[in-house]
Amino acid sequence: MAEGEPPYYTIPPTRAMIVIQCRPIRSLTDTSEWSYDFNDFVRRCLAVDPVARPTCKELLMHPFIRKARGPNLLSELVAESMDNIERFRRQEFKEDTMNTCQQMDTMVLAGEADS
Numbered sequence: 003m004a005e006g007e008p009p010y011y012t013i014p015p016t017r018a019m020i021v022i023q024c025r026p027i028r029s030l031t032d033t034s035e036w037s038y039d040f041n042d043f044v045r046r047c048l049a050v051d052p053v054a055r056p057t058c059k060e061l062l063m064h065p066f067i068r069k070a071r072g073p074n075l076l077s078e079l080v081a082e083s084m085d086n087i088e089r090f091r092r093q094e095f096k097e098d099t100m101n102t103c104q105q106m107d108t109m110v111l112a113g114e115a116d117s
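Number 93 in our numbering belongs to position 91 of the sequence shown; there are no gaps in the numbering.
Written out as structure tokens, the structure is:
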């Protein structure tokens, strides 16, 4: 997500899965674009050996996470987006209701045609 594209995105997805098994990603493509803490965090998350991979508790103690703005950032983003989320939900409900009514109309018309 940091780089905007999945690993090996330039090759077909099925082939990419095979390549990842043979040559797992071990770090970000261009480490100079990111802070040391972020690079280290990603490198630890990508450890292939589960024994060497840190636990969730260990990752939560990592400097990259500890220096983050915290959960308030997510709360702010959600609060700012709530109007759009509710508008989307209302529109989706409206479309579902219209689709259901259209399906019922079709069933009724089909039943009348069979009579």
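Virtual Cβ for every residue (Gly too), placed ideally from N, Cα, C.
At what residues does the alpha helix (DSSP H) containing residue i begin and finish?
i	result
Met2	Residue 2 cannot be examined here, being either before or after the span of the chain that is shown, 3 to 117.
Pro65	Pro65 to Arg68
Arg45	Tyr38 to Cys47
Leu30	Where Leu30 is concerned, there is no enclosing alpha helix (DSSP H), given that its DSSP letter is neither H nor E.
Glu60	Cys58 to Leu62
Less than 9 Å separating the beta-carbons of residue i and residue j?
i	j	result
Arg45	Arg17	no
Leu48	Pro26	yes
His64	Pro52	no
Asp1	Phe66	In the structure as shown, the chain begins at 3 and stops at 117. Residue 1 is therefore absent and cannot be evaluated.
Could you tell me the distance, in whole angstroms, from the CA atom of residue i to the CA atom of residue j?
i	j	result
Ser117	Thr102	Residue confidence is low: Ser117 scores 47 on pLDDT, short of 50, so the model does not pin down where it sits. Its coordinate-derived value is still stated next. Answer to the nearest angstrom: the Cα atoms are 23 Å apart.
Tyr10	Gln105	43 Å
Pro8	Thr33	16 Å
Tyr75	Cys24	In the sequence as presented, Tyr is not what sits at residue 75; that position holds Leu. Between Leu75 and Cys24, the C-alpha separation is close to 38 Å.
Lys69	Ser83	25 Å
Thr12	Ala4	17 Å
Asn41	Gly6	15 Å
Val80	Phe90	14 Å
Ala54	Thr108	60 Å
Cys2	Arg71	Any property of residue 2 remains undetermined from this structure, which presents the chain solely from 3 to 117.
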